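In full-length UniProt numbering, the protein residues as written are 1 to 301. Working notes for the structure below.
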Ligand SMILES: [Zn+2]
């Protein structure tokens with residue numbers, strides 16, 4: 001799969017003319033919810049490309065191509081929330097007809113763009129969300145894209161979901177999902193301030209409320225965005241999109257503490273032109289305390 005990203009920037013939009021630098025940590029996928037549109041409707045020279053516009057995307061995807069409208073690392077105006085300062089965001093222009101061909105075409109372009117951006121900025125597949133998911137995370141306003149469309153039963157979009165997109169990105173990036181590797185993660189919502197630790201993924205019973213900032217252990221991802229989680233001796237299930245800052249838990253007995261073994265110092269003698277000898281001594285492997293002792297003995301401290 002090979003696509004091209006065409007640089008066709010806004011010229012008057014203030015996200016372009018008065019850029020604010022950002023460090024992208026994720027991606028928000030949007031779609032226009034207006035059928036039969038192409039990138040020209042929202043791109044360069046469009047009503048979004050004016051000095052008074054309050055909308056700006058980093059890129060637009062239509063069945064003809066991928067069009068980049070802003071540098072990836074400047075603020076955009078698409079989420080009406082914090083995501084504008086942290087996430088790269090693009091719109092998928094919805095075609096007039098939802099055919100299998102159009103769905104495949106747009107999905108593959110979306111996958112390509114997300115994968116390239118993840119590589120560029122070291123973004124993980126689980127940090128790729130759609131607008132509706134970004135709203136649940138508290139970083140965007142309340143829109144339903146792309147879930148009003150993607151994954152819809154009985155349509156060409158049925159096979160294409162955000163979970164599939166994340167899984168395909170993970171595969172394209174070669175993200176390792178080693179069996180048995182567990183992660184620590186931190187609970188992060190915004191509006192609710194807490195999530196449930198459920199007894200199962202059907203949400204039969206809440207075992208505990210986990211407040212923002214709580215650190216949990218992800219034992220495994222069990223599909224459809226759910227994680228099997230342990231916390232405080234309990235084991236249950238959480239919605240994975242609220243578990244951020246994931247770090248693999250290293251096997252404790254593999255990491256041995258580094259030994260602090262002093263080595264013989266490197267000694268370099270140099271004779272200067274007027275006959276003085278300069279001795280250059282480099283100590284390696286000494287702790288600051290040990291070095292202090294050496295300097296004390298040498299009366300150099
Ligand atoms: Zn949106």
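Beta carbons: idealized from backbone N, C-alpha and C, even for Gly. Quantities reported herein were computed from a predicted structural model and do not represent experimental measurements.
Please identify the residue among the options whose C-alpha is closest to the C-alpha of residue i.
| i | options | result |
| --- | --- | --- |
| residue 37 | 174, 96 and 185 | 96 |
| residue 16 | 70, 65 and 33 | 70 |
| residue 84 | 74, 117 and 238 | 74 |
| residue 44 | 272, 6, 250 and 140 | 6 |
| residue 148 | 140, 287, 158 and 141 | 158 |
| residue 189 | 8, 278, 140 and 101 | 140 |
| residue 208 | 80, 202, 216 and 197 | 197 |
| residue 110 | 142, 193 and 29 | 29 |
| residue 123 | 231, 174 and 279 | 174 |
| residue 143 | 9, 42 and 81 | 81 |
| residue 94 | 51, 88, 87 and 42 | 42 |
| residue 241 | 288, 33 and 129 | 129 |
| residue 72 | 127, 22, 92 and 63 | 22 |
| residue 39 | 176, 135 and 8 | 8 |
| residue 187 | 125, 169 and 215 | 215 |
Under a Cβ-count criterion, where at least 16 other Cβ atoms within 10 Å of its own Cβ denotes burial, should residue i be classed as buried or exposed?
| i | result |
| --- | --- |
| residue 222 | exposed |
| residue 290 | exposed |
| residue 24 | buried |
| residue 61 | buried |
| residue 145 | buried |
| residue 243 | buried |
| residue 166 | buried |
| residue 195 | buried |
| residue 213 | exposed |
| residue 137 | buried |
| residue 119 | exposed |
| residue 254 | Note that residue 254 scores 48 on pLDDT, short of 50, meaning its location in the model is unreliable; the coordinates nonetheless yield the value given after this. Flag for residue 254 reads exposed. |
| residue 250 | exposed |
| residue 287 | exposed |
| residue 32 | buried |
| residue 26 | buried |
| residue 127 | buried |
| residue 86 | buried |
| residue 18 | exposed |
| residue 117 | buried |
| residue 169 | buried |
| residue 92 | buried |
Under 8 Å Cβ to Cβ from residue i, same chain only, skipping five residues before and after it: list those, please.
| i | result |
| --- | --- |
| residue 248 | 181, 182 and 183 |
| residue 256 | In this prediction, residue 256 scores a pLDDT of 49, lower than 50, which makes its location untrustworthy; the coordinate-derived value is nonetheless stated afterwards. There are no such residues. |
| residue 237 | 197, 198, 199, 200, 201, 222, 226, 227, 228 and 229 |
| residue 193 | 211 and 212 |
| residue 204 | 198 |
| residue 206 | 196, 197, 198 and 199 |
| residue 134 | 28, 79, 81, 83, 87 and 140 |
Within the continuous beta strand (DSSP E) that includes residue i, where are the two ends?
| i | result |
| --- | --- |
| residue 238 | 234-239 |
| residue 30 | 26-31 |
| residue 208 | 206-211 |
| residue 17 | Unbroken run through residue 17 is the alpha helix (DSSP H), 14-17; no beta strand (DSSP E). |
| residue 220 | 215-223 |
| residue 66 | 65-68 |
| residue 228 | 226-231 |
| residue 248 | 243-248 |
| residue 196 | 194-198 |
| residue 73 | First-last for residue 73: undefined, no H or E at that position. |
| residue 78 | Run containing residue 78: none; DSSP gives neither H nor E here. |
Looking at the unbroken alpha helix (DSSP H) that takes in residue i, where does it start and where does it end?
| i | result |
| --- | --- |
| residue 131 | 131-136 |
| residue 104 | 100-121 |
| residue 34 | Run containing residue 34: none; DSSP gives neither H nor E here. |
| residue 166 | 162-173 |
| residue 44 | Element bounds for residue 44: n/a, residue is neither H nor E. |
| residue 295 | 288-297 |
Once the 5 residues before and after residue i are set aside, which same chain residues still bring their CB inside 7 Å of it?
| i | result |
| --- | --- |
| residue 99 | 156 |
| residue 161 | 150 and 151 |
| residue 59 | 66, 67, 68, 69, 90 and 113 |
| residue 252 | Note that residue 252 scores 46 on pLDDT, short of 50, meaning its location in the model is unreliable; the coordinates nonetheless yield the value given after this. Around residue 252: no qualifying Cβ. |
| residue 239 | 195, 225 and 226 |
| residue 311 | The first residue shown for the chain is 1 and the last is 301, placing residue 311 beyond what the model contains. |
Excluding sequence positions up to five away, which residues of its chain have a Cβ less than 6 Å from the Cβ of residue i?
| i | result |
| --- | --- |
| residue 246 | 183 and 185 |
| residue 55 | 48 and 77 |
| residue 13 | 49, 53 and 56 |
| residue 172 | 115 |
Check your understanding: If we count Cβ pairs, one from each stretch, closer than 8 Å, do we get three or more for the segment 265-276 versus the segment 207-227?
Key -> As far as the Cβ criterion goes, the segment 265-276 does not touch the segment 207-227, which means the pair count is below three.
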